[in-house]
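Residue numbers (our numbering): 1132 to 1750. Where a beta carbon is used, it is the ideal one built from N, C-alpha and C, also for glycine.
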């Protein structure tokens, strides 16, 4: 497994290429602890987290149990936390989540599983918390505590302000934490205000601690926890004082660490084109000088002595990066001649949000653009929209005397379910079909606004997404087959893929991994398609990463916005707007396209109205 330690962090930190490799590494450590304790005739005591971060780890442990015989019969577990008040049967209960995700698939006896009880009467909470701590001590203490990290820097639900010596207790959730949980509860208003959680002191008593963090959205808080001071404002920073703590990251979560973001400020570096480009662009933006106006003194004053000495002078460095960025400007993204272009869109709106202007340009230049919508996106439709369209369909069929009886039956089933539905409850098949149809018709309208006719659209409805819940299944082998078959059928000159791997539901990441595997297989059969990655819905490419920018004029940007507007169910208020950006998707897209153009102008490059950026995928 490709991994490396990060220098100059205050807690030992290992970065893996992806979260699957990280999960395997942690699983092997757990296996070693269990086997060592078995030899000594001891139980293994594990502290376990919930959420999206440990899912891959639990899947790997289940695989090791079923395929390699890893025995969990002598394992005692204590879960970090549970929402309060929340019944164990609630869809978002951690009790239920742990059983469905892990406990039901391994051989840990029920009497060795301990999870905070979200059903307790309020007056019983203090006694329960005292006993929870006592049970941990009686079990011999935690051999290993596994953790994730929240955007507030919390571990468990130890929000900012939690002290170093805090113990298991009822805690009030931070507003950011509740906002981040809103997607799971189908609305922030449904998220409990409080939760039962192990304390910082409880976690620090564990003999070994591993904190996992994956995805770009975790990068800023990871950097604070690892490089900032120990502070109650970032409770994960207390791990700096632990005798055996380790951070396990994927590449995306490590990007804000000094050794990754600005390695020249940490120590000597081997200057390559990528680092030179990053350093020079950063210097230009920081000084407010165009690339061709940078001086030797600018480099000396900003910790870039070595770069200047080895590759200078400033005029050479500035011109080098200027030419590189000039080469990214592309008015003809697919070149001349008519070619097949295949755009993969994880959800039915990612294509127009992220590269709507380029879609318009490709169509206008005579290329045949196909869009493959990989999932239905049905969980992101509000119930009131589903009901509105159901009511419309019933009224339409009544007006034109079309099968009124059957339509009425469907309408009644939907109405009866919605009247009784509780927050977080999975939708019926009727409702899922209606929500899928809403997203599909919106996608057709948006594509047509870009000039792409319906017959060039593919609605793949990949299997991994068909759970009806936010939690998704692993990618199905048949999903990869479907993608590979589509590539073979269309034989595209270019393939566009969503390169945003930090979307709040993880769908983009799963879709990208499936496409890359299909492309690898296709290339063994002679396929040579260019693979371009786009962003825009959740984040934007860093300027040093850009390998192609497509200029957009005011009219093209306006057409792009109009295409985004066709996704009416995601307009005004999206079901999953993301954790840190409350703007509508069209606002994000517009501001990012305008911002990229402004950045080019600041660097002293030609001034454009707006730019869409891309990075080429290479194996």
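Three-state secondary structure assigned by DSSP to residue i
| i | result |
| --- | --- |
| residue 1503 | strand |
| residue 1153 | helix |
| residue 1635 | With a pLDDT of only 47 at residue 1635, under 50, the local geometry of the prediction cannot be trusted, and the value read off the model is given with reservation. Here residue 1635 sits in coil by DSSP. |
| residue 1161 | helix |
| residue 1547 | helix |
| residue 1605 | coil |
| residue 1297 | coil |
| residue 1520 | helix |
| residue 1203 | coil |
| residue 1572 | helix |
| residue 1714 | coil |
| residue 1623 | coil |
| residue 1651 | helix |
| residue 1643 | helix |
| residue 1584 | coil |
| residue 1289 | coil |
| residue 1142 | coil |
| residue 1557 | coil |
| residue 1686 | helix |
| residue 1539 | helix |
| residue 1498 | coil |
| residue 1282 | coil |
| residue 1531 | coil |
| residue 1512 | coil |
| residue 1183 | coil |
| residue 1264 | helix |
| residue 1597 | coil |
| residue 1269 | helix |
| residue 1675 | helix |
| residue 1552 | coil |
| residue 1315 | coil |
Residue i - containing beta strand (DSSP E), residue span
| i | result |
| --- | --- |
| residue 1679 | 1679 to 1683 |
| residue 1304 | Neither: residue 1304 is in no beta strand (DSSP E) and is coded neither H nor E. |
| residue 1589 | 1588 to 1590 |
Which residues DSSP lists as bridging residue i, in chain order
| i | result |
| --- | --- |
| residue 1178 | 1209, 1276 |
| residue 1115 | Within the shown structure, residues of the chain are numbered from 1132 to 1750, placing residue 1115 beyond reach of any answer. |
| residue 1629 | 1665 |
| residue 1214 | 1326 |
| residue 1700 | Note: residue 1700 sits in no beta bridge, so no partner. |
| residue 1476 | 1504 |
| residue 1747 | 1663 |
Start and end residues, alpha helix (DSSP H) containing residue i
| i | result |
| --- | --- |
| residue 1483 | 1481 to 1495 |
| residue 1198 | 1186 to 1199 |
Any non-hydrogen atom of the ligand MG closer than 7 Å to residue i Cβ
| i | result |
| --- | --- |
| residue 1250 | With respect to small molecules bound, the structure shown includes none, and the ligand MG cannot be examined in it. |
Beta strand (DSSP E) segments (min. 3 residues) lying fully within the segment 1318 to 1386:
Along the length of the segment 1318 to 1386, whole beta strand (DSSP E) runs at least 3 residues long occupy 1325 to 1328, 1340 to 1344, 1376 to 1381, reported in chain order.
Runs of 3 residues minimum, wholly inside the segment 1720 to 1745: which ones carry the beta strand (DSSP E) assignment?
Secondary structure in the segment 1720 to 1745: no beta strand (DSSP E) run of 3 residues or longer lies completely within the stretch.
My parser needs the alpha helix (DSSP H) runs of 4 or more residues fully inside the segment 1387 to 1473; what are they?
1389 to 1392, 1404 to 1418, 1427 to 1431, 1436 to 1442, 1445 to 1457, all fully within the segment 1387 to 1473.
Using a Cβ distance threshold of 8 Å, determine whether the segment 1326 to 1341 contacts the segment 1295 to 1302, with at least three qualifying pairs required.
A contact exists between the segment 1326 to 1341 and the segment 1295 to 1302.
Below 8 Å, how does it come out for the segment 1647 to 1657 and the segment 1488 to 1504: are there three or more Cβ pairs, yes or no?
Because the criterion of three Cβ pairs below 8 Å is not met, the segment 1647 to 1657 and the segment 1488 to 1504 do not touch.
For the segment 1219 to 1259, list the alpha helix (DSSP H) runs that are entirely contained and at least 4 residues long, ordered along the chain.
Entirely contained in the segment 1219 to 1259, the alpha helix (DSSP H) runs reaching 4 residues are, in chain order, 1225 to 1232.
Taking contact to mean at least 3 C-beta pairs separated by less than 8 Å, is the segment 1360 to 1370 in contact with the segment 1204 to 1215?
The answer is no - the segment 1204 to 1215 does not touch the segment 1360 to 1370, with fewer than three Cβ pairs under 8 Å.
With three or more beta-carbon pairs closer than 8 Å as the criterion, would you say the segment 1554 to 1572 touches the segment 1500 to 1516?
Contact between the segment 1554 to 1572 and the segment 1500 to 1516 is established, with three or more Cβ pairs separated by less than 8 Å.
Should the segment 1658 to 1672 be regarded as contacting the segment 1738 to 1750, the criterion being three or more beta carbon pairs within less than 8 Å?
Touching, yes.
Below 8 Å, can you find three or more Cβ-Cβ pairs linking the segment 1237 to 1246 to the segment 1181 to 1201?
Short answer: they touch.
Does the pairing of the segment 1371 to 1391 with the segment 1142 to 1151 give three or more beta-carbon distances under 8 Å?
Pairwise C-beta distances place the segment 1371 to 1391 in contact with the segment 1142 to 1151, as three or more of them are shorter than 8 Å.
Contact between the segment 1407 to 1427 and the segment 1442 to 1453 is defined here as three or more beta-carbon pairs at a separation below 8 Å; is this criterion met?
The count of Cβ pairs closer than 8 Å, one atom from the segment 1407 to 1427 and one from the segment 1442 to 1453, reaches three, so the stretches are in contact.
Give a yes or no on contact between the segment 1619 to 1628 and the segment 1654 to 1662, applying the rule of three or more CB pairs nearer than 8 Å.
By the Cβ rule, the segment 1619 to 1628 counts as touching the segment 1654 to 1662, because three or more pairs are nearer than 8 Å.
Stretch pair the segment 1298 to 1307 + the segment 1357 to 1366: three plus CB contacts closer than 8 Å:
They do not touch, by the three-pair rule.
Under 8 Å: do the segment 1533 to 1551 and the segment 1468 to 1479 share three or more Cβ pairs, one atom per stretch?
The segment 1533 to 1551 vs the segment 1468 to 1479: no contact.
At a cut of 8 Å, does the segment 1550 to 1558 reach the segment 1461 to 1472 through at least three beta carbon pairs?
Under the Cβ criterion (8 Å, minimum of three pairs), the segment 1550 to 1558 does not count as touching the segment 1461 to 1472.
Inspect the CB distances between the segment 1583 to 1592 and the segment 1430 to 1440 and report whether three or more fall short of 8 Å.
By the Cβ test, the segment 1583 to 1592 is not in contact with the segment 1430 to 1440, since fewer than three Cβ pairs between them sit closer than 8 Å.
Is it true that the segment 1175 to 1189 meets the segment 1257 to 1265, where meeting means three or more beta-carbon pairs spaced less than 8 Å apart?
No, the segment 1175 to 1189 is not in contact with the segment 1257 to 1265.
Could you say if the segment 1342 to 1350 and the segment 1268 to 1286 meet the contact criterion of at least three C-beta pairs nearer than 8 Å?
They touch, by the three-pair rule.
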